[in-house]
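Protein sequence lines, in the order shown, are assigned to chains A and B.
So for the first sequence, the numbering used here puts the first residue at 45; every next one is plus one.
So for the second sequence, the numbering used here puts the first residue at -9; every next one is plus one.
For every residue, glycine included, the Cβ atom is placed at its ideal position computed from N, Cα and C.
Some notes on the structure that comes next.
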Amino acid sequence: MLAKYYRSFKNDLDQRGIIFSFSGYMSEGILYSLGAALRQKMALEDTNVGTVKKVFSVFVEQAQNIIRYSADKVGDRTSSELSSGMVTIGTEGGRFFIVCANVVLAVDEPKLRERLECLQKMDKDEIKAYYKEQLREAPEEQSRGATIGLIEIARRASEPIEFDFDRISDETFFFCMKVSI
Amino acid sequence: MENLKIAATERSPEVDFDFEHGALSLRGESYPEDASTVFGPIFSALESFLATVGDREIRIDFDLTYFNSSSAKALMNMFQRLDHAAAAGARIKITWFFAPDDDTMKEFGEDFSEDLEHVAFNLIAIETAA
Chain A
45 MLAKYYRSFK
55 NDLDQRGIIF
65 SFSGYMSEGI
75 LYSLGAALRQ
85 KMALEDTNVG
95 TVKKVFSVFV
105 EQAQNIIRYS
115 ADKVGDRTSS
125 ELSSGMVTIG
135 TEGGRFFIVC
145 ANVVLAVDEP
155 KLRERLECLQ
165 KMDKDEIKAY
175 YKEQLREAPE
185 EQSRGATIGL
195 IEIARRASEP
205 IEFDFDRISD
215 ETFFFCMKVS
225 I
Chain B
-9 MENLKIAATE
1 RSPEVDFDFE
11 HGALSLRGES
21 YPEDASTVFG
31 PIFSALESFL
41 ATVGDREIRI
51 DFDLTYFNSS
61 SAKALMNMFQ
71 RLDHAAAAGA
81 RIKITWFFAP
91 DDDTMKEFGE
101 DFSEDLEHVA
111 FNLIAIETAA
């Protein structure tokens, strides 16, 4: 039963074209190791250098957004905090896709939705101009990085980014974003 | 002042600031989650150095193959400081290296150079980029 169960689980992932999927506590060390495996896998398959760079960049920004913004954390912020989330990378229709998911606080949902809707409406040139504008701005309050991470993701994407929120409780949402390259 | 040499790590670039000879370089990749941990010490050394340079000639090479968005902000900040020092008289020559097939790094070089008015900024494609 054990092998049957996990074989079916693995087959389900394979059928969705998933190269790897990580769910759990994300750290800088995990980010580095998964990133190295991802680059190696793409290099072995002779993926175009530009594509490898784009996929890697979106992966890094998504994983770092989970580390920074996931509302599902253990430990304290200064020393040993761990943030929970999910990153999935695969291929479908000849393209790579990268999906990230994490819990966000309901109070943060409107702002995040607004930022992503704004990016969805922009064309490539507008995204590039917006990126350059944000490069010069000081980081926003409460943001350890900046919204520039989301703009970087949109800039590398081949299609407008997809996102969705699923309400978990009065205080939290399950947030999910999909990027195709 | 003392030179600044920091070895590359998995997620941070090699720093080689030879202040004595006015030859500075950053090489490799940069994607720490918190860019200030990597760029903080670089900025403070650079600030102290720029305060003393007067009209000296300074060469600074960037040979980076990948950096995340928070490192991009730190780099922009660094270029603005270099441009201020150049406005004040320092003769600063920045060289931005990129691999010929790396459009992303080429575009970043172009983006960064657009705002700079006082430094000399060269974009150079090299096969042997790290």
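Would you verify that the beta carbon of residue i is, or is not, closer than 9 Å to some beta carbon of chain B?
| i | result |
| --- | --- |
| GLU89(A) | no |
| LYS168(A) | no |
| TYR69(A) | no |
| GLU105(A) | yes |
| TYR76(A) | yes |
| TYR175(A) | yes |
| PHE53(A) | no |
| LEU82(A) | no |
| ILE212(A) | no |
Does the beta-carbon of residue i have 16 or more other beta-carbons within 10 angstroms, so that it is buried, or is it exposed?
| i | result |
| --- | --- |
| SER61(B) | buried |
| ILE110(A) | buried |
| GLN108(A) | buried |
| SER127(A) | buried |
| GLY73(A) | exposed |
| PRO90(B) | exposed |
| ASN55(A) | exposed |
| PHE53(A) | exposed |
| ILE116(B) | exposed |
Which two residues bound the contiguous beta strand (DSSP E) that contains residue i?
| i | result |
| --- | --- |
| VAL151(A) | Careful: VAL151(A) lies outside any beta strand (DSSP E) and carries neither H nor E. |
| ASP45(B) | No beta strand (DSSP E) contains ASP45(B), which DSSP labels as neither H nor E. |
| SER71(A) | It is not in any beta strand (DSSP E) - SER71(A) carries neither H nor E in the DSSP assignment. |
| GLU181(A) | No beta strand (DSSP E) contains GLU181(A), which DSSP labels as neither H nor E. |
| THR135(A) | 126 to 136 |
Measuring straight from C-alpha to C-alpha, what distance separates residue i and residue j?
| i | j | result |
| --- | --- | --- |
| ASN112(B) | LEU163(A) | 32 Å |
| GLU177(A) | LYS155(A) | 19 Å |
| ALA81(A) | ALA80(B) | 44 Å |
| LYS85(A) | PHE52(B) | 28 Å |
| LEU40(B) | ASN67(B) | 14 Å |
| LEU179(A) | PHE141(A) | 26 Å |
| TYR166(A) | MET221(A) | First, the residue type needs correcting, since residue 166(A) is Met and not Tyr in the sequence shown. MET166(A) and MET221(A): Cα-Cα distance of roughly 17 Å. |
| ALA78(B) | GLY44(B) | 8 Å |
| GLU10(B) | ILE205(A) | 48 Å |
| SER20(B) | THR42(B) | 28 Å |
| PHE98(B) | GLU153(A) | 31 Å |
| LEU75(A) | SER59(B) | 15 Å |
| PRO3(B) | LEU54(B) | 8 Å |
Checking contacts by CB at 9 Å: is residue i closer than that to chain A?
| i | result |
| --- | --- |
| PRO22(B) | yes |
| ARG1(B) | yes |
| ALA62(B) | yes |
| THR94(B) | yes |
| GLU107(B) | no |
From which residue to which residue does the alpha helix (DSSP H) around residue i run?
| i | result |
| --- | --- |
| ILE84(B) | That residue, ILE84(B), is in no alpha helix (DSSP H); its beta strand (DSSP E) goes 81 to 88. |
| THR95(A) | 93 to 113 |
> Within the chosen definition, does the segment 202 to 216 of chain A reach the segment 85 to 96 of chain B through at least 3 CB pairs nearer than 8 Å?
Replying inline: no
> Is there contact here, the segment 56 to 74 of chain A with the segment 128 to 137 of chain A, by at least three beta-carbon pairs under 8 Å?
Replying inline: yes
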